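Okay, so here's the structure we're looking at.
In full-length UniProt numbering, the protein residues as written are 1 to 1004.
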C-alpha cells in the first residue's frame, strides 16, 4: 500500500487522490482507538496497513465501501490480491471511466458538459472529470449528480424554510460555499446533511418520516444521511425518493421497463423516470399529470428558457406557488376593455409633449383609412401602434365624423396626416368614399378606432398581399388577420360563413397561440376592422355597400365581391391586431343584413357548410377543388435540427404545401420545442398541432371527421400503434387514401445488427418483415426511401409500393482541397446504441488510432449534431483529437472548413441524409459500403467506400481521400452531379406529386 500512499501528497495530485488526515481522524475515530490523536504520518501509515482489510476511505471524496459495492469486478480483484483496495484500483485504472463517490457520476458529468473533452481536461491539467469538478467545476456551481443541485443547496444553506437566515452550522459557513464549492461544503458539513434539501428530486424530511428504519440507521451512524441511503441501499425499488413518485405505480403503468431493472441496466423505476420518463412526461404518481401541467401557464416557456431541466422539476419547485389569478374568476371582458381605455388615456400627455409624426418623405406604399368619432384616446392608441409597427412611409387619412371632443385638436397629437373633417356623422360607406380619392398607396388598410396593430403585423399583411395564391394563380386582393380581444384571447381568426346566411368569428375565445389560428390559408372573408385591400380592387368594387348596416356585413360583402372579381381573400396569422373596445353596433349582424348578404351571394352561401362547430375545420378554408387536405402523422414535429429522417419528413411537408395542398402535422409525442423554432421550420401555410399527441388522436379524428383527402403516416411502427384508433375512426377517414411512409425498412437493419454483435437470431428475414408490416394492410400505398427497400417490400408481397428518397439541392461551397482541414461527422443521435452512436464509437475506438501516424498530428475529428438526453458521448471526448461540438444551427461553416466527411455506419435502413447533405455542400464522403449500396453511388466516383466493419480499410480510404487532391476533386464533382440529377427540389416535387395523385385518384 505504500506505493499508492507515497503518491498522494504531490502538490498537483487530484483532491480525490490525497490522504486527508484530519478528515480520516474524525471519520474513523472509533476504528483508530489510541491513534485518534496521532500525527498525520501515523494516520497515513494506519490507512496504508488497514484500508484494504477494513474498506477505509482516504478522504471525503472517495467512498471505498460504495466503490466496491457497485464494481463487483473490482471487489473480486481486491479479494484476489490484484489490488490492495478499491482506491488503489481507482488510482490505477478506475479514474478513467468509473465514479468514485455515490454523489458524483463521471459519465453524467462529462455528458452534461460536453465542453470537457480530453483535450480540454489536458489543457487544464485535470486527470479526469472528477478532478476537473473538484478543481474548478464545483466552484463554478456545476453539478456532478442529478440528485445534487448546487444552486438549491446554496439557497437552502443560506435560508431556512421559514425564510429566516440560517446561521453557520457544523464546520462550514454558508458564506464560504462559493469559495470552496457546494459539493465540498455539503460533504464537509455533516450537521446539515440529514434534512437539507439538495435536489428537487429528493425530499430528505419526507424520506425520514416515511422510512423510520432509515432515520434509526442515520441516528445510529450506520448510514450518513437520507440521500446516502437512497443512493446506496441494495433494494432501491423498495424506497421512493419523495412523496410524488411511486415505484409501484410507475412499474404498473409502464411494465416495459421491468426487464431493464431486473438486468441491472436501471437501478429502479425512478432511475428510468429521471433519465427518460420525465422528458416523455410520463406520470410519476396517480395524482400528477405532467402532460397536462406542461401545457399550463408558463411551464413550457420556462423549460425552453432553461430555467428547469424538465417538467417534473418545474412541478416540484413551483407546486406551492399560486398563479397570480389563482382562486379568482376570470374578469368580464368589460374589465379588460376598461383597462385598455385607461391605458390609452395615459398617452394623451405623452403625445401632447411629443406628437406622432407620419410625414412621408417618400411615396407611400400604403394608405390607412381610419374613421373616428370622439374618443380621442382610442384614436391615439390606434395611431401610436400604427407608427410603431411600421417604420416605412404611411399615407394616413383620418375621417372625423363630426367629433365634439378633443378629436378636433387631433393635429396637435399627430402630424403628417390627412384629416377629413365632416360636419355630421357619416356611414362607413360614405367615409370610405370620401377618403379613397385622397389615397396615394397601392394598398389600403381599413382600420377601426381602438384597433392596435402588433409589431411587424403590417409588413406581414403587405407581404401576404404580394403573394400569389396557389389556387389557379389567383392574386391575393384582400388580407384579414388574427384579431384579439382586450383580454388577449382571439376575437376572430378569419370568419366562417354558414349556409343559413350567418357570419361566425372562427376560434373566438381561443388562446392566442391556438395552432389552428397560426397558419396561413384562403378564407371566405374577415369581419373585423383590420382589413388590407388592394386599392385598384377597392376602387373597382366602389368600396362598401351602404345598404348594409353593420360593419361586419360590409366587410364580409366586400370580401365576397372581391372573390367574385377573381381576387383571393387570404388569412395571415402574423397580421396580428387587438381590438381594445368592442363595438357592438358595428359587429351586430341583424336579420336584414343576413338576408341581403344571402340574396346577393346566393351561390356562395348555398355551397357553404351548415353553421355547426363540428364542421368548422372544413368550413374555415375557402380552398378550391384542386386543393387537398392532408393529415401528416409523425413521431414528433419534424424539425430539421432533429435529423434521423425528420429532415426528410420536413421536406415532404414543405413540398406538399408547395404543391398547393393544405397540410396538418400531428405528432405522436406533443412537442417540447420552442414555438419560434417550430414555426420557423415550416411554410406559413402548414398547420402544426404541436400541442397534440397520441392520447388526443382519437378525439381529433372524430372532431375532424370527413376533412381529410389523404392520411400520411410516417414510420412503420406507427401504423401498428395507431391501428386500433384508425379502425375505431374508420368512418372519419379516407380509407382508400391512407399512406404508410416507411422512412426505413428496419428488419434487414436489425438482422445485420444481430450478425454484427453475434446476437441470437430468433426469426428469419421474412418472419421479421411479416411482423414489421403486420398492420400495413390498412394502407393503400406504401412509400419506401430507396430501390433496395422497394425490392424488399415487393419480395415480402406488397405490390403498391412507391419510392421517395431525400430532397437535397446542391449548394457547393467554393473552397478548394488545400483551404480545408480536419474530418467531420454530423448526424443526430437520439438514443444510445443507435446506428449513428454505434458508428461513432466504432470509428473513434477502431479507426482513429490507425490514423495517428498516417495523417498530420494536428488533424482533428469534429463531431456535431443533435444529441438525445440519454446519449453519453463523453467516451469520445477522451481522445484529444475529438472535438464535440453538439447541435449546430447552421452547419454550412462546418461543411466549408472540413476536408473529409466521415460516415462509418455499420447497420442502418433507408438513405443516409447526412451523406447527401455533406455532398451537397461539396464535402466528399468516406462511407461504409452499406451506405454506398443504399445510395447507389460508386466508389471513387461519387463517394469513397470504407468497406463494411473493416477498420483497416476504412482508415486507408480516409487517408486516400484526405491526402489525394485529384481523388478529392473527382468525388466532389461526381456527388454533386448525382444529387443534381436525382435529388433536386424540382425532381422531388414531381415524384411526390405523382404519388399523391395516385392516392387521390384511388380515394375518389
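The beta-carbon is built from N, C-alpha and C at its ideal position, and this holds for glycine as well. Just so it is clear, the structure is predicted and the values come from calculations on it, not from any experiment.
Would you mind listing the alpha helix (DSSP H) stretches within the region 443-489 that are 4+ residues and don't spill past its ends, in chain order? Runs of the alpha helix (DSSP H) inside the region 443-489: 457-466.
Going straight from the alpha carbon of residue 801 to that of residue 787, what length do you get? Distance between residue 801 and residue 787, taken at the CA atoms: about 10 Å.
Can you tell me whether residue 818 is helix, strand or coil according to DSSP? Reduced to three states, the DSSP call for residue 818 is helix.
For the beta strand (DSSP E) containing residue 396, name the first residue and the last one. DSSP places residue 396 in the uninterrupted beta strand (DSSP E) bounded by 394-401.
With DSSP run on the structure shown, which of helix, strand or coil describes residue 830? Note: residue 830 maps to coil in three-state DSSP.
Flag this pair as yes or no: are the beta carbons of residue 662 and residue 475 separated by less than 8 Å? Not closer than 8 Å, so no.
Which residues does DSSP pair with residue 1000 in a beta bridge? Residue 1000 pairs with nothing; no bridge assigned.
Compare the C-alpha of residue 621 against each of 524, 430, 728, 485 and name the closest. Of 524, 430, 728, 485, the residue nearest in Cα terms is 524.
So, helix, strand or coil for residue 573, using DSSP? DSSP places residue 573 in strand when its eight states are reduced to three.
Beta-carbon contacts of residue 798 that lie in its chain and below 8 Å, excluding the five residues immediately before and after: Within the same chain, residue 798 has close Cβ partners 773, 776, 782.
Residue 700, enclosing alpha helix (DSSP H) - first and last residue: 694-703 is the span of the alpha helix (DSSP H), which, as asked, contains residue 700.
Compute the Euclidean distance between the alpha carbons of residue 975 and residue 807, then round it to the nearest angstrom. Cα to Cα, the separation comes out at about 14 Å.
From 42, 22, 96, pick the residue whose C-alpha is nearest to that of residue 127; which is it? Distance from the Cα of residue 127 is smallest, within the candidate group 42, 22, 96, for 96.
Which class does residue 170 belong to by DSSP, given the choice of helix, strand or coil? For residue 170, the pLDDT reaches just 46, beneath the cut-off of 50, and the residue's location in the model is therefore unreliable, leaving the point undetermined.
Label residue 388 either buried or exposed according to how many other C-beta atoms from any shown protein chain fall within 10 Å of its C-beta, with 16 as the threshold for buried. Answer is exposed; the Cβ neighbour count stays below 16.
Rounded C-alpha distance that separates residue 105 from residue 286: Cα-Cα distance, rounded: 31 Å.
Using only alpha-carbon positions, find the residue among 91, 47, 428, 50 that is nearest to residue 67. Residue 91 is the option with its Cα nearest to residue 67.
Using the Cα positions of residue 6 and residue 256, report the straight-line distance between them to the nearest angstrom. For residue 6, the pLDDT reaches just 37, beneath the cut-off of 50, and the residue's location in the model is therefore unreliable, leaving the point undetermined.
DSSP on residue 661, reduced to helix/strand/coil? Note: residue 661 maps to coil in three-state DSSP.
Nonlocal neighbours in the same chain, by C-beta distance under 6 Å from residue 708, ignoring five residues either side: For residue 708, where only same-chain residues beyond five positions count, the Cβ hits under 6 Å are 629, 631, 734.
Out of 38, 226, 305, which has the shortest C-alpha to C-alpha gap to residue 214? If we check each option's Cα against that of residue 214, 226 comes out closest.
Following the continuous beta strand (DSSP E) through residue 712, name the residue where it begins and the one where it ends. Counting along the chain, residue 712 sits inside the beta strand (DSSP E) bounded by residues 710-714.
Less than 8 Å between the C-beta atoms of residue 443 and residue 545, yes or no? No.
Which residues in the same chain as residue 675 place their Cβ atom closer than 8 Å to its Cβ, once the five residues preceding and following it in sequence are excluded? Within its own chain, the residues whose Cβ lies closer than 8 Å to the Cβ of residue 675, once the five positions on either side in sequence are excluded, are 513, 690, listed in chain order.
So what's residue 522 in DSSP terms, helix, strand or just coil? Secondary structure at residue 522: strand, using DSSP grouped into helix, strand and coil.
Can you give me the start and stop residues for the beta strand (DSSP E) that residue 781 sits inside? 781-784 is the span of the beta strand (DSSP E), which, as asked, contains residue 781.
Could you check the C-alpha separation between residue 223 and residue 205 for me, to the nearest Å? One C-alpha to the other measures close to 16 Å.
Nearest-angstrom Cα separation, counted from residue 186 out to residue 300: So the two alpha carbons sit approximately 32 Å from each other.
Same chain, Cβ closer than 7 Å to residue 233, five either side skipped, listed in chain order: Same-chain partners within the cutoff: 239.
Could you pull out every residue in the same chain whose Cβ sits closer than 8 Å to the Cβ of residue 162, ignoring the five residues on either side in sequence? Residue placement at residue 162 is flagged as unreliable, the pLDDT there being 46, under the threshold of 50; the coordinate-derived value follows with that caveat. Correct list: empty, nothing qualifies.
When you compare the region 888-907 with the region 954-961, are there three or more beta-carbon pairs, one atom per stretch, that lie closer than 8 Å? With three or more CB-CB distances shorter than 8 Å, the region 888-907 counts as touching the region 954-961.
Measure the beta-carbon distance from residue 368 to residue 386 and round it to whole angstroms, keeping in mind my assumption that it falls under 8 Å. Rounded, the Cβ-Cβ distance is 6 Å, consistent with contact.
Could you spell out where the alpha helix (DSSP H) holding residue 361 opens and where it closes? Taken as a continuous stretch (DSSP letters only), residue 361 belongs to no alpha helix (DSSP H), as it is neither H nor E.
DSSP-derived helix/strand/coil call for residue 609: Coil.
Mind checking residue 540: buried by the 16 CB within 10 Å criterion, or exposed? The residue in question, residue 540, is exposed, as its Cβ has fewer than 16 Cβ neighbours within 10 Å.
Would residue 1031 be called buried (16 or more neighbouring beta carbons within 10 Å of its own) or exposed? Only positions 1 to 1004 of the chain appear in the structure, and residue 1031 is not among them; the question remains open.
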